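For reference, the structure is listed below as structure tokens.
Protein chains: 2
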Amino acid sequence: MKFCSHCGSADIALRIPPGDSLPRFVCGACDAIHYENPKIVVGCLPVWEDRVLLCKRAIEPRLGRWTLPAGFLENGETLQAGAMRETLEEANARVELLPLYALISLPQIAQVYMMFRARLLDLDFGPGPESLEVELFDEADIPWEEIAFRTIARTLRRFFLDRRLGAFGLHVSALERRPPLTPDLVAAG
Amino acid sequence: MKFCSHCGSADIALRIPPGDSLPRFVCGACDAIHYENPKIVVGCLPVWEDRVLLCKRAIEPRLGRWTLPAGFLENGETLQAGAMRETLEEANARVELLPLYALISLPQIAQVYMMFRARLLDLDFGPGPESLEVELFDEADIPWEEIAFRTIARTLRRFFLDRRLGAFGLHVSALERRPPLTPDLVAAG
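So, in structure tokens, the structure goes:
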């Protein structure tokens, strides 16, 4: 933020407003406080018989890598509406949503992932503009080395484990950015 | 948004960017697209023996009405950290968080409420700067007519019902704004 979106002034500074405890973008000209808050990424894990639907990304970040249909929740949407819209946009797929399955906080990038389990309603799916391919994968064929995001890998791993155990709960977790390894740790393997 | 926060131009218009499907604030000078997304309100329902902790609001909206400790999730926070921070700020109370309990989409105001159940750790609590009073209430004494928000009333009602049934799940729901009654419906009572 370089200019105040209320008054256009360039007198923007990060400082803690009176009565607040965190630095915000504050306008020195009109005193507007510009809050920034985490975004919700909503999506689903669509299943057809034993297989899971994945989309190969046609856009950055992680172009060419595989992911579950998911994207930013929009103003005016419920969580379920957002998950179904993203599935339609990225995979042209219609799903029946099942219970919320994974809720993952990503504090370093100010996102919260919210993934529902889902039942794919038919096989009439295909890549939308943000996907290169859309495919159903058996567990044994999941391209684990080419999954786009750690949230998605975690959600898929947990799903296959729970499926074997026969019980799906809600999994609430967090992913912190991996700290860089110090040379000593790298040397130690 | 009246001015572009990237370049300061006043040439801001709501229009659908190429490849998008929703209107966004777009800058005619530098082409920056300013997305707006729903915010997460995170909080908890702190319990001590049979009683529930409520805070009387010292700020608008709904000054003087009762609520559970909750507020906007901040960048850099996990959901749990946010719920505990809000509880400390509004009620000076320390809690052990229990499983996520209520998740309520509010599409018309672009918010998603996420409330954990919680166990109050001690009785050393009291009003923070945003609260006038903090009190423990038995179910019979809950001031239902003075609850600040519908999300909070829904969460509390559900909690007392589940407690009687002996099982707490996760409740995912949505609150749409009540449509104004047409004169015919008003007349019909």
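Chains A and B are the protein sequences, given in the same order.
Those letters in the first sequence? Residues 148 to 336, per this note's numbering, in order.
Those letters in the second sequence? Residues 148 to 336, per this note's numbering, in order.
Every residue gets a Cβ at the ideal spot worked out from N, C-alpha and C, and that includes glycine.
All figures in this text were calculated on a predicted structure; none of them were measured in a lab.
Closer than 8 Å to chain A by CB, residue i
i	result
B/Gly336	Caution applies to B/Gly336, whose pLDDT of 46 falls short of 50 and renders its modelled position unreliable; the model cannot decide the point.
B/Ser152	yes
B/Ala321	yes
B/Met262	no
B/Met148	yes
B/Ala240	no
B/Glu243	no
B/Glu196	no
Residue i versus residue j: straight-line alpha-carbon distance, rounded
i	j	result
B/Phe150	A/Glu183	17 Å
A/Arg324	B/Asp285	43 Å
A/Gly336	A/Arg297	Its pLDDT being 46, under 50, A/Gly336 is placed unreliably by the model, and nothing is read from it.
B/Leu220	A/Gly166	17 Å
B/Pro193	A/Leu169	25 Å
B/Ala228	B/Asn239	15 Å
A/Pro246	A/Phe263	6 Å
B/Pro125	B/Tyr248	Since the displayed chain B opens at 148 and closes at 336, residue 125 of chain B lies outside it and no answer follows.
A/Ala300	B/Pro290	46 Å
B/Gly155	A/Gly175	15 Å
B/Arg212	B/Gly275	15 Å
A/Ala230	B/Ala295	29 Å
B/Arg305	B/Gly190	16 Å
A/Asp288	B/Arg171	39 Å
A/Ala179	B/Met148	12 Å
A/Glu224	B/Ile251	12 Å
B/Gln258	B/Val188	7 Å
A/Leu267	A/Trp195	6 Å
B/Ala203	B/Leu279	Checking the displayed sequence, the identity of residue 203 of chain B turns out to be Lys instead of Ala. So the alpha carbons of these two residues sit roughly 5 Å apart.
A/Val173	A/Pro164	8 Å
DSSP-derived helix/strand/coil call for residue i
i	result
B/Arg304	helix
B/Leu312	helix
B/Arg324	coil
A/Ile206	coil
B/Gly336	Caution is warranted here: a pLDDT of 46 is assigned to B/Gly336, below 50, making its placement in the model unreliable, and the coordinate value is therefore given only provisionally. Coil.
A/Val319	strand
Min CB distance residue i to chain B below 8 Å
i	result
A/Ile187	yes
A/Ala257	yes
A/Ser252	yes
A/Leu192	no
A/Glu233	no
A/Leu317	yes
A/Leu247	yes
Proximity test, residue i beta-carbon vs the ligand FMN heavy atom, cut-off 7 Å
i	result
B/Asn239	Because no ligand of any kind appears in the structure shown, any question about the ligand FMN cannot be addressed here.
Exercise for review: List in chain order: all unbroken alpha helix (DSSP H) runs of 4+ residues lying wholly within the stretch 221-298 of chain A.
Suggested key: The qualifying runs are 226-238.
Exercise for review: For the stretch 148-217 of chain A, list the beta strand (DSSP E) runs that are entirely contained and at least 3 residues long, ordered along the chain.
Suggested key: Within the stretch 148-217 of chain A, complete beta strand (DSSP E) segments of at least 3 residues are found at 159-162, 171-174, 186-195, 198-204, given in chain order.
Review point. What residues in the stretch 276-307 of chain A bring their beta carbon closer than 7 Å to a beta carbon of chain B?
Key: Along the stretch 276-307 of chain A, the positions whose C-beta sits under 7 Å from a C-beta of chain B are Pro276, read in chain order.
Point to revise | Under 7 Å (Cβ pairs) to chain A, residues found in the stretch 204-226 of chain B | key: Answer in chain order: Phe219, Leu220, Glu221, Asn222, Gly223, Glu224, Thr225, Leu226.
Review point. Taking any Cβ of chain A, which residues in the stretch 153-169 of chain B have a Cβ under 9 Å from it, in chain order?
Key: Listed by position along the chain: His153, Cys154, Gly155, Ser156, Ala157, Ile159, Gly166, Ser168, Leu169.
Practice item. For the stretch 172-185 of chain A, enumerate the residues whose C-beta is nearer than 8 Å to any C-beta of chain B, in chain order. Key: When C-beta distances to chain B are compared with 8 Å, the residues of the stretch 172-185 of chain A below that value are His181, Tyr182, Glu183, Asn184, Pro185, in chain order.
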